[in-house]
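Whatever position you read off the sequence shown (first residue = 1), add 429 for my numbering.
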Amino acid sequence: DALIQASEAVKYHAEFDEISQRFNQWITDAENQLEQHTSTNEIESNYAIDEHYRSVE
């Protein structure tokens, strides 16, 4: 009985590890996408601001 419980514990621990790794990868991907999106928007915003000031001069 103890052996069965131990093997189930090992199995659940391995599944938890896999889920944890997938979650961490998902978070990393989301952070990278957000950073990429923010950088793109920042570049576009800076371009728009520069163009506006050029047209005002």
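Just so you know, even glycine gets a beta-carbon here, dropped at the ideal spot from N, CA and C.
Asked, Found
"Which of the three DSSP states is assigned to ASP458 in this structure?", "helix"
"Quick check: the Cα distance between TYR482 and GLN450, rounded to an integer number of angstroms?", "48 Å"
"Please report the straight-line C-alpha distance between TRP455 and THR469, rounded to a whole angstrom.", "21 Å"
"Could you check what DSSP says for GLU489 in three-state terms: helix, strand or coil?", "Absent from the structure is residue 489, since the part of the chain shown begins at 430 and ends at 486."
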